[in-house]
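Sequence lines, in order, name chains P and Y.
So the first sequence is residues 849 to 1183, counted in the working numbering.
So the second sequence is residues 849 to 1183, counted in the working numbering.
Glycine included, each C-beta is placed from N, C-alpha and C at the ideal position.
As the structure is a computational prediction, the values presented were derived from the model and not from experiment.
Quick notes on the structure that follows.
Number of protein chains: 2
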Amino acid sequence: MPASLADVARLAGVSIATASRALNGSSHPVSPTARGRIMRAADEIGYSPSRLAQALVTGRSPVIGVIVGDVVDPFFAEVTRGVEDVAREGRYMTIICDSDRRTGAEIDYLNLLRDYHAAGIVFAGGGFGEDPRAADLQHALDEVVEAGARVVSVAQRPFGGALVAVDNEHAARDMTDHLIELGHRRIGYVRGIPGLTTSEARQRGFLAAMATAGLQADLQYEGNFRYESGQSAGLQFLAKGLPDAILAANDESGIGVLMALRQAGVGVPEQVSVAGIGGTRVSQLVDLTTVSVALYETGAEAARRIIDRTVWDPDRRTILPHRILVRGTTARRPA
Amino acid sequence: MPASLADVARLAGVSIATASRALNGSSHPVSPTARGRIMRAADEIGYSPSRLAQALVTGRSPVIGVIVGDVVDPFFAEVTRGVEDVAREGRYMTIICDSDRRTGAEIDYLNLLRDYHAAGIVFAGGGFGEDPRAADLQHALDEVVEAGARVVSVAQRPFGGALVAVDNEHAARDMTDHLIELGHRRIGYVRGIPGLTTSEARQRGFLAAMATAGLQADLQYEGNFRYESGQSAGLQFLAKGLPDAILAANDESGIGVLMALRQAGVGVPEQVSVAGIGGTRVSQLVDLTTVSVALYETGAEAARRIIDRTVWDPDRRTILPHRILVRGTTARRPA
DNA sequence: TGGAACGGGGATAGCGTTTGCCATAGACTG
DNA sequence: CAGTCTATGGCAAACGCTATCCCCGTTCCA
């Protein structure tokens, strides 16, 4: 039974209404005397207003929800960081929800955040294209919007609305082009989680670059964005003959490939070049060449849009730039 | 304006009370006919109850809050995962709050979770010993408990209560002992964030092991758990003369040391052994020797305690085991 | 046959806030 | 001095639920 507004009012000898007005910056005037007594009473009993009750009546709450596909994935962590830093500055609280890439959980969290009357929701994490519950998701999303929340997507998702994202396809294409420019002809690819829109965009980029250069894209292995999947892809490349270079759909699986190759005694980048996509912090840890895709900035921009007091264009779409980070795992193809 | 219970009731032609009873498993009987109409009405208009209103009136809500010190830190990410998996199973929702290691934010989130009437709170992240706002934190914590939430700490914190944790001091001691057993005598140490209880426990462990072995622990550098700090510590070791082995307060800074050394052409583990503490996934990525400290299990156990319908001992303290993971960055000291 | 027991349902009091509306009392304005 | 502001404050109605209390019929048993 934490202190309630009624307790404060009683202690200060005023009505609940007056106490409320003194504590939140109401335009209704309150005498300095009363205000003083209220403030003193409030912190004497350690009062802090119930956000819940506030949200219920005002239909607004200073929280931003971030729905991510996987908390441990540095991709999302970085986006989240961006959201948080901006939110904090604007005195918003950020709550992170991990959907574990399950649409059902996304819907649940969306509903929860709607109930909480979150000011905005950053919807991160690419979904699956052929989602059977897409309609339900869309419904939940609509309701959130209807309830007044600003929703901004951070990954390409089939539904419209505000978007702040990176161009995964383009990023993959650029990285592939770079590999090609280094003289590599046979380039292998380690795919991401099947069906995920992010995975598919990256794969399209890879394929497009290869096609444009007139190269065969026949060296592809399944993957799931995880280290282990990169590792086993690496082993398979090892078994079936090494290509000139290998591109992985994300950094973590790229590191898997790298480690598998090096452990087998293959020189990277002397014999084979390896690259990832994402520019996450782990790529720096192992000096992996990758494409940096402004993740932090993506989150920050999304939060800025939500917080911004003036403009809110529910259909504005922003694509943030990416940049190739040439590091120690790629090199010109040996002559 | 999402559908409310009143809408459902109206559409089904029953009272709000009956609708409520049909939709949540009330003990009050409802005829199959009415129930059917209500259910049909509910999903026709896509009704989902307001957790907020529910929480307000029942004082209970199926959510578990996790307060972490830093989302991007794999340490916390792993704990969070454990919480989530168990929570999901029990049909609870998990919301993650990143305090950015600021006590003020911890207090804010604690209050928020109290308002939401969270069923439980997993308080992760070691605090700073000499915290000026410790009293406020304690107050917020007390209120949360008073409001009925089960609070379990995951890191050693000055305050009492339920605890599920790992013994950081012991883990550091064991790792140091292991290094000593490998024949190393001059062992360097890269510290964690100054003042953090976790940092201090690990350092104590290191010092204890060195003292017991009668070795000088004079090779220590400041650090902050980040990659860069490990890197610069590595550079300093390089400049001032290399020890036999280097232990870092966590994996990430250990990797920093490792990379700095290797880039300078120093053979690890041939010339110098390097180890970390934490057993996080990144350590696996670079094959770093480390101490695995059951992080996932810590979170899972904490969540289990919260969810468990029967027992709740608000003072039970559990210490989970740790295990040395010998990998490729340590070796016997060359003779 | 009286009444207890039970199946089924409705009214309504909160939960802790904010806020629109009304009341009171000085202070001003002509 | 009547009329009008303005500063200050209280009352009470929501917000969307759950839970308590009450009511109305049946059925069943002594």
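- Residue range 1016-1029 is occupied by the alpha helix (DSSP H) that includes residue 1023 of chain Y.
- Taking residue 926 of chain Y as the centre and dropping the five residues before and after it, the same chain places the C-beta of 1128, 1129, 1143, 1144 and 1147 closer than 8 Å to its C-beta, in chain order.
- Chain-order list of chain Y residues neighbouring residue 872 of chain P: empty, with the shortest C-beta distance near 15 Å, by a criterion of under 9 Å.
- Within 10 angstroms of the beta-carbon of residue 1113 of chain P lie fewer than 16 other beta-carbons, which makes it exposed.
- When beta bridges are read from the DSSP output, residue 916 of chain Y appears opposite Y:946.
- Interface residue (Cβ-Cβ distance to chain P less than 8 Å): residue 1113 of chain Y is not classified as such.
- Residue 1000 of chain P has its alpha-carbon roughly 17 Å from the corresponding atom of residue 1045 of chain P.
- Under the three-state reduction of DSSP output, residue 1154 of chain Y falls in the helix class.
- Looking at the backbone, the Cα of residue 1052 of chain Y and that of residue 1019 of chain Y are separated by about 10 Å.
- In this structure the stretch 934-945 of chain P does not lie against the stretch 1013-1031 of chain P, because fewer than three pairs of beta carbons, one per stretch, are closer than 8 Å.
- Taking CB atoms only, residue 1134 of chain Y has a neighbour in chain P less than 8 Å away.
- By the Cβ-count criterion, residue 1004 of chain P is buried, with 16 or more other Cβ atoms from all chains shown falling within 10 Å of its own Cβ.
- Of all residues in the stretch 955-983 of chain Y, the ones placed with a Cβ closer than 8 Å to any Cβ belonging to chain P are 956, 957, 959, 960, 962, 963, 964 and 965, in chain order.
- Residue 994 of chain Y belongs to the set of residues whose beta carbon lies under 8 Å from a beta carbon in chain P.
- A contact is defined here as three or more CB-CB pairs under 8 Å, and the stretch 896-912 of chain Y meets this definition with respect to the stretch 965-976 of chain Y.
- When C-alpha distances from residue 1171 of chain P are compared across P:898, P:1153, P:1025 and P:899, the shortest belongs to P:1025.
- Distance from the CA of residue 982 of chain P to the CA of residue 948 of chain P, rounded to the nearest whole angstrom, comes to 16 Å.
- At a C-beta separation below 7 Å, residue 903 of chain P has these neighbours in chain Y: 900.
- Residue 891 of chain P places its beta carbon 8 Å or farther from that of residue 918 of chain P.
- For residue 1178 of chain Y, the secondary structure class from DSSP, reduced to helix, strand or coil, is coil.
- With a cut-off of 8 Å on Cβ pairs, the stretch 1099-1117 of chain P is in contact with the stretch 1078-1091 of chain P, counting three or more such pairs.
- Inclusion of residue 961 of chain P and residue 969 of chain P in the CB contact set at 8 Å is warranted, their separation being smaller than that value.
- For residue 877 of chain Y, the three-state secondary structure derived from DSSP is coil.
- Contacts between residue 941 of chain Y and chain P, judged by CB atoms closer than 9 Å, involve 945, 953, 956, 957 and 960 in chain order.
- About 7 Å separates the Cβ atoms of residue 1011 of chain P and residue 1166 of chain P, confirming a contact at the 8 Å cut-off.
- Residue 941 of chain P sits in a strand when the DSSP states are folded into three classes.
- Inclusion of residue 1115 of chain P and residue 1096 of chain P in the CB contact set at 8 Å is not warranted, their separation being larger than that value.
- When secondary structure is reduced to three states using DSSP, residue 1010 of chain Y falls in the strand class.
- Neighbours of residue 1130 of chain Y in chain P, taken as residues at a C-beta separation under 8 Å, are given in chain order as 1130 and 1133.
- Sixteen is the threshold: when 16 or more other Cβ atoms of the shown chains lie within 10 Å of the Cβ of residue 1098 of chain P, as they do, the residue is buried.
- Considering only Y:1078, Y:1063, Y:1077 and Y:975, the residue with the shortest C-alpha distance to residue 1092 of chain Y is Y:1063.
- Less than 8 Å separates the beta-carbon of residue 944 of chain Y from that of residue 943 of chain P.
- For residue 1135 of chain Y, the closest C-alpha among the options Y:1177, Y:1100, Y:1067 and Y:1050 is that of Y:1177.
- For the stretch 907-932 of chain P, the set of positions with a beta-carbon nearer than 8 Å to some beta-carbon of chain Y reads 911, 919, 920, 922, 925, 926, 928, 929 and 932 in chain order.
- A Cβ-Cβ separation of about 4 Å places residue 1071 of chain P in contact with residue 1038 of chain P under the 8 Å criterion.
- Contact annotation for residue 1107 of chain P against chain Y: 1133, 1134 and 1135 [CB-CB distance below 8 Å, chain order].
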